[in-house]
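FYI, in mature numbering (1 follows the signal peptide of the UniProt record, and there is no 0) the residues of the sequence shown are -21 to -1, 1 to 750. Where a beta carbon is used, it is the ideal one built from N, C-alpha and C, also for glycine. Bear in mind the structure is a predicted one, so any value in this text is a computation, not a measurement. Here's the structure, in structure tokens; my notes come after.
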Amino acid sequence: MSLLTFSWYLLCLSLFLGTSAERSTYIVHLDKSFMPTIFASHHNWHSSIIDTIKIETPTTQNGHHPVPKLLYSYDNVLHGFSAVLSKNEFEALKKSPGFLSAYKDRTVEAHTTHTPEFLKLNPTSGLWPASGFGQDVIIGVLDSGVWPESASFRDDGLSAIPKKWKGICKPGIAFNSSLCNRKLIGANYFNKGLLASDPTIILSMNSARDMRGHGTHVASIAAGSFVEGVSYFGYAPGTARGIAPRARIAVYKFSFEEGTVTSDLIAAMDQAVADGVDILQLSYGWGSMPLYEDSVAIASFGAMMKGVLVTASAGNNGPGMGTISNGVPWIFTVASGSIDRSFSGTLTLGNGLKITGFSLFPVRTTIKDFVLVNNGSLSTCDSADDYAQVPNAARSIMICYSTAQEDLSVSDQMGVISEAKVGGALYVYGDPDVLSSKFFPNPGVVISSKDWEKVTKYADNSAKPKVSISFQETSIAVKPAPVVSAFSSRGPSLSYLSVAKPDIMAPGELILAAWPSNVSAAVIGVNTFLDSDYSLLTGTSMAAPHISGIAAMLKGVHPDWSPSAIRSAIMTTANPLDNTGKPIKTTDFLETKVATSLAMGAGLVDPNRAVDPGLIYDATPQDYVNLLCSMNFTEKQFKTIARSSAKRKCSNPSDDINYPSFIALFDPYGDYTWMEQTFRRTVTNVGAGAAKYKAKVKAPKNSTISISPQILVFEKKNQKQDYTLTIRYKGIAEDQAQSGSITWVEKNGHHTVRSPIVVAPALDEALDPSS
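Structural data, given as structure tokens:
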């Protein structure tokens, strides 16, 4: 392009420019081949464009002369520039010769847990500032104790301990009361049941101090303070913070290295409610059992009756149906999903091909030009003895592959490679759970079967195959996310089939949070253990404290809300779509498919929308008593759950609790005839005032949904309205769950109130809760 032509273009460009209103920073990609030869450098070209725009931009009414500003000129990793532009300037530049693409600058921060950003928690708007970051709300963490010296439990800037707090900081071995502060306001431990179960037990840490790490990790996810400059051996570097960073933490240790028994857990729950906690966090559970024998369900019922919300993990026994724990209606049951962050290593083959795969090898090192070995019988990597004759083994990278039939996990292969003392290995994964495990004891990368084919083709066709590997790579904005974790337990709940479970999904894969400094966080080789103050863990145990933190902040904003109201607000504002705008998916038994509400509940939690849900489905303690009244319990069984005189209040038994979800079950062995089920619901207007809502329905496959009435009119705040939802459905030959939804959409307003609907086969092993 000649200079004259380019100058004429810039003159025409200026005619498109209008008065600058809002200005933003844009990153602009250009094709350098369009640069006029008159310019000595790309920077001169970029400056010329910006300077011409600057000259032609009109002056604003207040006399200011806003100008576009060139920030950076790029020519290495990309070609183009970043600049501060008005919308009109940006639109004009899009017509420039050589323009390729552009987008607004994005905030980039160093991250650790990263989940506050993934959940769009913002310090200037939404739930964080509305709740004062959880100021003065107390979360009781029932777990394996706490490491009080962790920086995540510093109390910098916190006010005095809330006057309602009645708990203690109980001294014990390596733990004195001075270790508590305005953040960690209480620490207690319960072991009488464990000691009674085996009088020969000698507790290695008879105090609230955490010797396993689980409790410390969970507590800091829920409400850890801001801590800068942390990472997991170079992965996920940045600032750690809990979901409710100014909430108070009270720790109740009931799980010891020597064992965990139910009686100690119930004692811990009982004390926590007495102490005045607002939210109870529990990342433990048991398999399904009759309700009157389920101690966690019973204790949680008592907590609910006292106005305390119990948030609990769904369990890690997925992806089979009916594997969920903590699935009773009065527990807030949390499933696990991935986040938009990944950890990787990049291998470079001798032919220049680069392949990125999963890696969490916890050592800062680079593998340079090691020998790549693809040796037939050795490719299963199932015995360390097989590698004794490998030449130059210490500088060799093995290619490990196994099929499902061989029943050899990647973790097993990593153990073999460590014992074999070879340089490292490349692993091929089939089980998606591999990608959420931090176990990585030797240098290497986990790659896909597609990439494995490329690697083996190179290794087999090269006289001297070589490979180099770099580690400690962290990527953000990975898509799609979230994906339901394969390990996350699925509904329906065998303890109580009439409520769809789980309720909600939160991040649960490779979450970075506080860790005891004397508990191993990683291992290399077979017996070299590494310590870290922060560690990555995976499980629904990590998902549940996210919800505890959010629930605590909602309690702070709405102190009059019941546990059911808080759960409703979180569920009806959840997002069923991933960050590509498509329905959230899951990988079940290596098959990727759209997730149903039996996998993800209502969807991914959206904290900022939950603070102002529009409508809520509330339920009183008496409503839950009425639910128990509808079951075929003996009086003793009933009182076991509801206690003392509640049996006398059974004048209105109902098995249709006012829940923000719907489930209908069919006989998978039936003749697939049409069935019908009607639900009655009451919604309360918690918006600013008068409002009108219209129902929008998405029916599950092979179902029809009718709503009456289809429009709800509220004349004032806190007004209640009833509606009925009828599902007409039949079983499906595929014997799978199918999901739909009802969404109440506010007319001339911004609220949408969505409830999932699921139609699913009844399971053979479903328990009668009264049997």
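Give a yes or no on whether the C-beta atoms belonging to residue i and residue j are separated by under 8 Å.
i: M532; j: I200; result: no
i: residue 777; j: I378; result: Here the chain comprises residues numbered -21 to 750, so residue 777 is not present and cannot be evaluated.
i: I595; j: V505; result: no
i: P420; j: V502; result: yes
i: G77; j: D30; result: no
i: T94; j: P495; result: no
i: R707; j: S682; result: yes
i: L583; j: N554; result: yes
i: A739; j: I636; result: no
i: S388; j: D410; result: yes
i: L79; j: H8; result: yes
i: V116; j: A166; result: no
i: G111; j: G528; result: no
i: E70; j: S317; result: no
i: W309; j: M283; result: yes
i: G294; j: T519; result: yes
i: L332; j: F311; result: no
i: N170; j: L158; result: no
i: A523; j: S262; result: yes
i: S609; j: S633; result: yes
Can you check DSSP and say which residues form a bridge with residue i?
i: A62; result: Y5 and L49
i: N554; result: L583
i: P471; result: Note: P471 sits in no beta bridge, so no partner.
i: T703; result: R659 and S687
i: I222; result: According to DSSP, which records beta bridges pairwise, I222 is partnered with nothing at all.
i: Q717; result: V738
i: A643; result: V738
i: N664; result: L594
Would you identify the three-state DSSP class for residue i, choosing helix, strand or coil?
i: P486; result: strand
i: C608; result: helix
i: A741; result: coil
i: V313; result: strand
i: A215; result: strand
i: A349; result: Strictly speaking, residue 349 in this sequence is Phe, with Ala absent from that position. The answer is strand: DSSP assigns F349 an E or B state.
i: P735; result: strand
i: H730; result: coil
i: F132; result: helix
i: I34; result: In this prediction, I34 scores a pLDDT of 46, lower than 50, which makes its location untrustworthy; the coordinate-derived value is nonetheless stated afterwards. In the structure shown, I34 sits in a helix (DSSP, three-state: H, G or I).
i: P15; result: coil
i: H90; result: At H90 the pLDDT is 29, less than 50, meaning the model places this residue with poor confidence and gives no usable figure here.
i: A618; result: The question names Ala, but residue 618 in the sequence shown is Lys. Helix, per DSSP.
i: T519; result: helix
i: Y651; result: coil
i: T103; result: coil
i: A500; result: strand
i: E237; result: coil
i: residue 759; result: Lying before the first or after the last residue shown, residue 759 is absent from the chain, which here runs from -21 to 750.
i: P95; result: helix
i: F112; result: helix
i: L569; result: coil
i: R374; result: helix
i: V369; result: coil
i: D122; result: strand
Comparing C-alpha positions only, which one of the options sits nearest to residue i?
i: I118; options: K162, Y437 and N587; result: K162
i: L556; options: P108, G136, H729 and M579; result: M579
i: R733; options: P586, T722, P740 and K726; result: T722
i: A741; options: G728, L577, K675 and S428; result: L577
i: K572; options: S718, Q700, T657 and K695; result: S718
i: Y5; options: I28, Q260, P15 and A62; result: A62
i: I526; options: D177, S104, W540 and D585; result: D585
i: residue 751; options: A223, I690, S454 and F18; result: The requested residue 751 does not occur in the structure, where the chain is confined to residues -21 to 750.
i: S156; options: S129, S186, S390 and I181; result: S186
i: I448; options: F418, Q392, V350 and L326; result: L326
i: K443; options: T335, G59 and N353; result: N353
i: A716; options: Q698, I490 and I736; result: I736
i: G59; options: L50, N67 and K66; result: L50
Would the beta-carbon of residue i be found less than 7 Å away from any heavy atom of the ligand ZN?
i: G423; result: Ligands are entirely absent from the displayed structure, and the ligand ZN is therefore not among its contents.
_Inside the region 260 to 302 only - alpha helix (DSSP H) runs reaching at least 4 residues_ = Taken in chain order, the complete alpha helix (DSSP H) segments of 4 residues or longer contained in the region 260 to 302 are 274 to 284.
*List in chain order: all unbroken alpha helix (DSSP H) runs of 4+ residues lying wholly within the region 163 to 208.*
171 to 176 and 193 to 202
*beta strand (DSSP E) segments (min. 3 residues) lying fully within the region 387 to 445*: Within the region 387 to 445, the complete beta strand (DSSP E) runs of at least 3 residues are 403 to 407 and 423 to 426.
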